[in-house]
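The listed protein sequences correspond, in order, to chains A and B. FYI, in my numbering the residues of the first sequence are 9 to 197. FYI, in my numbering the residues of the second sequence are 43 to 225. Only one structure is covered here, and it is reproduced in the block below.
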Amino acid sequence: MELLKLFWLFFKIGLFTFGGGYAMIPLIQQELLSNEYLSHSQLIEFIGISEATPGPFAINIATFSGFHAIQGDVWFRILGSAVATLGVVLPSFIIILLIAMFSEKLLKTKQATYIFSAIQPMVVGFIMAAFLSVTLTSILGNYFTEISFDYKALIIFLVVLVIGLFIKKIPPIGLIFISMVLGLILYAI
Amino acid sequence: MKKYGEIFITFFKIGLFTFGGGYVMINIMSHTIVNKKGWLSEDEMFELLVISESTPGPFAINGATYIGYKHAKFWGSFFATLGVVLPSFIIILLISFFLQAFKDNIFIQNGLKGISAGVSVLILLALMKIGKKAPINVINVLLFLIALVVSFFNFFSIIYVLIGGAIFGLVYGLIRSRRDGTT
Numbered sequence: 009m010e011l012l013k014l015f016w017l018f019f020k021i022g023l024f025t026f027g028g029g030y031a032m033i034p035l036i037q038q039e040l041l042s043n044e045y046l047s048h049s050q051l052i053e054f055i056g057i058s059e060a061t062p063g064p065f066a067i068n069i070a071t072f073s074g075f076h077a078i079q080g081d082v083w084f085r086i087l088g089s090a091v092a093t094l095g096v097v098l099p100s101f102i103i104i105l106l107i108a109m110f111s112e113k114l115l116k117t118k119q120a121t122y123i124f125s126a127i128q129p130m131v132v133g134f135i136m137a138a139f140l141s142v143t144l145t146s147i148l149g150n151y152f153t154e155i156s157f158d159y160k161a162l163i164i165f166l167v168v169l170v171i172g173l174f175i176k177k178i179p180p181i182g183l184i185f186i187s188m189v190l191g192l193i194l195y196a197i
Numbered sequence: 043m044k045k046y047g048e049i050f051i052t053f054f055k056i057g058l059f060t061f062g063g064g065y066v067m068i069n070i071m072s073h074t075i076v077n078k079k080g081w082l083s084e085d086e087m088f089e090l091l092v093i094s095e096s097t098p099g100p101f102a103i104n105g106a107t108y109i110g111y112k113h114a115k116f117w118g119s120f121f122a123t124l125g126v127v128l129p130s131f132i133i134i135l136l137i138s139f140f141l142q143a144f145k146d147n148i149f150i151q152n153g154l155k156g157i158s159a160g161v162s163v164l165i166l167l168a169l170m171k172i173g174k175k176a177p178i179n180v181i182n183v184l185l186f187l188i189a190l191v192v193s194f195f196n197f198f199s200i201i202y203v204l205i206g207g208a209i210f211g212l213v214y215g216l217i218r219s220r221r222d223g224t225t
């Protein structure tokens with residue numbers, strides 16, 4: 009019963025969050041706190057952890073809250089994680105599957121091309137916004153409330169930027185690895 | 043069966059190495075799927091981005107499901123999605139067990155701080171690649187700016203911007219085609 013409720017809650021979160029990632033936080037916060045699955049400080053702490061671990065935020069938060077929301081032995085709590093994660097994944101999976109199945113015909117209609125040509129430049133805008141906010145957050149902290157300048161983060165950003173721009177062949181994982189090494193060196197001194 | 047294994051492993055790696063969320067994943071996915079594997083063309087990748095922004099859920103899931111289906115139908119999308127989800131699931135589960143040790147380990151923390159400082163470069167590189175695909179004209183620049191400002195300052199949910207954009211695109215396209223048709 010508890011598992012079903014958990015599944016349904018994350019199914020809703022998966023269904024109603026557009027824009028992915030941090031756009032999810034307000035809804036997740038509301039739902040998790042009102043059900044007392046997580047405390048406020050646990051949530052804030054977890055957002056930090058999620059930023060620092062791979063994978064999409066939605067999956068991370070579902071796995072984490074599933075584990076903490078369910079009372080019982082370890083296996084039951086792991087089941088809670090699995091149920092919450094399944095819940096948050098399913099809506100996208102079903103919707104995209106349907107679109108992929110019918111996209112050949114759907115996307116070729118005149119109406120669809122009109123809509124697409126307007127949304128395309130907007131997508132570029134969303135990505136630009138994401139770039140700005142991720143960069144500014146790592147260098148200036150939470151810049152909307154209180155600025156805390158982290159010059160080490162700025163150095164890392166600039167070094168990786170130069171490498172990324174001039175060595176075209178470098179794979180993404182190479183840039184992530186360089187960032188990690190720079191972090192280990194700079195934040196240790 | 044071998045095909046599904048390849049899909050699973052490819053997306054498992056994508057899920058494992060994507061720090062910093064969806065927009066970083068765009069870069070990693072297009073590098074792996076378009077450049078290395080050739081499962082999608084660059085235009086199809088842009089198509090996927092538009093679909094993903096216009097539908098709920100994280101880009102990782104949307105992308106995996108879509109690409110998996112295009113490459114190997116239903117089971118392709120099943121194994122791609124499973125692959126992209128599993129790394130996060132396993133890692134977060136481990137962290138849930140060892141939360142305190144994770145927070146106290148200075149090497150982990152410093153390495154991760156470095157990653158979060160450098161990872162936005164990947165978003166910028168994806169942006170430069172994708173930006174070239176949209177033609178530059180007054181209307182596109184306006185739409186770009188509206189999307190940028192609303193989503194950066196979080197004025198309201200981007201879903202309203204998307205709906206507005208879709209309606210505008212439809213009406214504008216119909217008016218233009220009618221005008222071109224009659225003259």
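Cβ atoms here follow ideal geometry from the backbone N, Cα and C, with glycine treated the same way.
Sequence-distant residues of its chain with Cβ nearer than 8 Å to residue i (five each side left out)
i	result
Ser83 of chain B	Val76
Ile70 of chain B	Ile56, Phe59, Thr60 and Leu164
Tyr151 of chain A	Leu144 and Thr145
Ile150 of chain B	Phe144
Phe54 of chain B	Gly125, Val126, Leu128 and Pro129
Leu114 of chain A	Ile107 and Ala120
Cross-chain neighbours of residue i in chain B, by beta carbon under 9 Å
i	result
Val91 of chain A	By Cβ distance, chain B contributes nothing, its closest Cβ being about 12 Å from Val91 of chain A, past 9 Å.
Gly95 of chain A	Going along chain B, no residue has its Cβ under 9 Å from Gly95 of chain A, so there is no contact; the nearest lies around 12 Å.
Partners in chain B for residue i, counting only beta-carbon separations shorter than 7 Å
i	result
Met188 of chain A	Gly153, Gly156 and Ile157
Met136 of chain A	Leu169 and Leu190
Gln119 of chain A	Leu212
Asn68 of chain A	Ser130 and Ile134
Leu11 of chain A	Near Leu11 of chain A there are no residues of chain B at all, since even the closest Cβ is about 16 Å away, more than 7 Å.
Cut-off 7 Å between Cβ atoms - residues of its own chain near residue i, not counting five sequence neighbours on either side
i	result
Ala208 of chain A	Here chain A has residues from 9 to 197 only, and residue 208 of chain A is not among them.
Val213 of chain B	none
Ser100 of chain A	Gly22
Trp117 of chain B	Tyr46
Ile200 of chain B	Val192 and Ser193
Any non-hydrogen atom of the ligand FMN closer than 7 Å to residue i Cβ
i	result
Ile55 of chain A	This structure lacks the ligand FMN, and indeed carries no ligand of any kind.
Boundaries of the alpha helix (DSSP H) in which residue i is found, first to last residue
i	result
Asp81 of chain A	That residue, Asp81 of chain A, is in no alpha helix (DSSP H); it is neither H nor E in DSSP.
Pro64 of chain A	No alpha helix (DSSP H) holds Pro64 of chain A; DSSP gives it neither H nor E.
Ile134 of chain B	Phe101 to Phe139
Pro129 of chain A	Lys118 to Leu148
Thr52 of chain B	Lys44 to Phe59
Leu82 of chain B	No alpha helix (DSSP H) holds Leu82 of chain B; DSSP gives it neither H nor E.
Ser187 of chain A	Pro180 to Leu194
Glu10 of chain A	Glu10 to Phe24
Leu167 of chain B	Ser162 to Gly173
Contacts of residue i in chain A (Cβ-Cβ under 8 Å)
i	result
Tyr111 of chain B	Ile104, Leu105, Ala108 and Met109
Thr107 of chain B	Ser100, Phe101, Ile104, Leu105 and Ala108
Ala208 of chain B	Ile123, Ala126 and Ile127
Residue j beta carbon less than 8 Å from that of residue i
i	j	result
Ala159 of chain B	Gly191 of chain A	yes
Ile67 of chain A	Gly211 of chain B	no
Val168 of chain A	Leu183 of chain A	yes
Ile107 of chain A	Leu204 of chain B	no
Met136 of chain A	Leu185 of chain B	no
Phe131 of chain B	Thr117 of chain A	no
Ala168 of chain B	Ile68 of chain B	yes
Phe75 of chain A	Leu166 of chain B	no
Leu14 of chain A	Gly133 of chain A	no
Pro180 of chain A	Asn182 of chain B	no
Val161 of chain B	Ser187 of chain A	yes
Ala196 of chain A	Leu154 of chain B	no
Ser73 of chain A	Ala92 of chain A	yes
Tyr108 of chain B	Leu90 of chain B	yes
Ala138 of chain A	Tyr202 of chain B	no
Residue i: contacting residues in chain B (beta-carbon distance under 8 Å)
i	result
Ile184 of chain A	Phe59, Phe61, Ile157, Gly160, Val161 and Leu164
Ser125 of chain A	Gly211 and Gly215
Ile164 of chain A	Gly156, Ala159 and Gly160
Residue closest to residue i, alpha-carbon to alpha-carbon, out of the options
i	options	result
Gln50 of chain A	A:Leu35, A:Glu10 and A:Ala77	A:Ala77
Thr153 of chain A	B:Ile217, B:Phe50, B:Phe195 and B:Gly47	B:Phe195
Leu194 of chain A	B:Asn182, B:Ile157, B:Phe198 and B:Arg218	B:Ile157
Leu23 of chain A	B:Asn104, B:Leu91 and B:Phe88	B:Asn104
Thr123 of chain B	B:Ser138, B:Ala102, B:Met67 and B:Val183	B:Ala102
Ile43 of chain A	A:Trp16, A:Leu105, A:Pro99 and A:Val189	First, the amino acid is wrong: residue 43 of chain A is Asn here, not Ile. For Asn43 of chain A, the nearest C-alpha among the options comes from A:Trp16.
Ser219 of chain B	A:Phe165, A:Thr121, A:Ala138 and A:Lys177	A:Thr121
Pro177 of chain B	A:Phe157, A:Ser125 and A:Ala138	A:Ser125
Phe96 of chain A	B:Ile200, B:Pro98, B:Leu141 and B:Lys44	Correcting the residue type first, residue 96 of chain A is Val in the shown sequence and not Phe. Considering only alpha carbons, the answer is B:Pro98.
Lys112 of chain B	A:Pro62, A:Leu140, A:Phe110 and A:Ile163	A:Phe110
Gly206 of chain B	B:Glu48, B:Met43, B:Ser96 and B:Gly80	B:Ser96
Phe50 of chain B	B:Ser119, B:Pro100 and B:Trp81	B:Ser119
Per-residue contacts from residue i into chain A (C-beta, under 9 Å)
i	result
Tyr49 of chain B	Note that residue 49 of chain B corresponds to Ile in the displayed sequence, not to Tyr. Under the 9 Å cutoff, chain A gives no residues; its nearest Cβ is about 14 Å from Ile49 of chain B.
Other residues of its chain near residue i: CB distance less than 6 Å, five sequence neighbours each side excluded
i	result
Lys78 of chain B	none
Phe88 of chain B	Lys175
Thr225 of chain B	Annotation note: pLDDT 48 at Thr225 of chain B (below 50); position unreliable, no value reported.
Leu11 of chain A	Val91
Gln142 of chain B	none
Beta-carbon neighbours of residue i, restricted to chain A and to distances below 7 Å
i	result
Asn104 of chain B	Ser100 and Ile104
Phe194 of chain B	Ala137, Leu140 and Ser141
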